[in-house]
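Encoded structure:
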């Protein structure tokens, strides 16, 4: 519903590009916002703190991204879409067999 509301207002032919990236906040900023807005549902979600950054865990982040990409592409041409990188560090590489 949010996507429909946004794109009812915006004209896609007037857009240069649309980027999409995961929620990520510096830990200090997140904790300040959490104190200021204790009832905010966005801040009460299943968030994780990794290397000083607060965001969704990898699996949930990927699910949210996939949903948002699908919804965005219902409203804009694919060539306007600019995905951004994940906020999470890359998973560790598997051990090499060169032991």
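Residue numbers (this note's numbering): 21 to 119. Here a beta-carbon is modelled for each residue, glycine too, at the ideal position from N, C-alpha and C.
- Counting along the chain, residue 63 sits inside no beta strand (DSSP E), nor does DSSP assign it H or E at all.
- In terms of Cα proximity to residue 60, the closest of 50, 93, 69 is 50.
- A Cβ-Cβ contact shorter than 7 Å links residue 35 with residue 100.
- When DSSP states are grouped into helix, strand and coil, residue 43 belongs to the coil group.
- In the three-state reduction of the DSSP assignment, residue 57 falls in the coil class.
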